[in-house]
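> What follows is a single structure, and I will ask about it in a moment.
In this note's numbering, the protein residues as written are 163 to 351.
Given below as structure tokens:
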């Protein structure tokens, strides 16, 4: 997690380095396959499967990059945000208002960033995950955000105890929303 001034300074420093994928990032392929099969098996449609499988596909790369470089590249977060928004609008057209809860989660993350609790990459990723998980129901993005904050907070306390000043929040956003999505999918199984 970075402060608002650190995020602003890094964003003003110029263009981000290119995203360089590593072999470990390929773990996203089987992860995305498992997500797609799990959701399809319990009866979810493509509106839920596509954004959640896409998030799973990029989860290893996002976690690695954020942990090592303390950034979440726009080249990955913005397409996930767009995909989540499209899925949310598709649900909204059917009368499902879960999209509004996802936007509320995005606002909470933005407030946390403005007050210095995280960077804007975390806001983009967290909002993308909230939008994607909202396709499973209104409570899922709330559970995902709460779980992310709890798990990330515990990791942060441990990190402080061993002398680290900051913790990348992106991996914990991914873990929290993954746990919430799996829980929602298994409730219907």
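Just so you know, even glycine gets a beta-carbon here, dropped at the ideal spot from N, CA and C.
Values in this document were obtained by computation on a predicted structure and should not be read as measured data.
Suppose the cutoff is 8 Å on Cβ atoms and the five residues either side in sequence are ignored; what does the same chain contact list for residue 329 look like?
Excluding residues within five positions, the ones whose Cβ falls inside 8 Å are 163, 314, 317, 318 and 321.
> Leaving out five residues on either side along the sequence, give the residues of the same chain with a beta carbon under 7 Å from the beta carbon of residue 254.
The residues are 261.
> Throw me the rounded Cβ distance for the residue 238 and residue 181 pair, which I believe falls under 8 Å.
With 8 Å as the limit, residue 238 and residue 181 qualify as a contact, their Cβ atoms being about 6 Å apart.
> Within 10 angstroms of the Cβ of residue 284, are there 16 or more other Cβ atoms? Answer buried if so, exposed if not.
Label assigned to residue 284: buried.
> Could you tell me the alpha carbon to alpha carbon distance between residue 251 and residue 290, rounded to whole angstroms?
Their backbone Cα atoms lie some 13 Å apart in a straight line.
> Where residue 305 and residue 294 are concerned, what is the direct C-alpha to C-alpha distance, given to the nearest angstrom?
Rounded to whole angstroms, residue 305 to residue 294 spans 13 Å at the Cα level.
> Assign residue 277 to one of three DSSP states: helix, strand, or coil.
Residue state, collapsed to three classes: coil.
> Within 10 Å of its beta-carbon, does residue 353 have 16 or more other beta-carbons around it, so buried, or fewer, so exposed?
In the structure as shown, the chain starts at 163 and stops at 351, and residue 353 therefore has no counterpart that could be examined.
> Do residue 303 and residue 228 count as a contact pair if the criterion is CB distance below 9 Å?
In this structure, residue 303 does not lie closer than 9 Å to residue 228 by Cβ.
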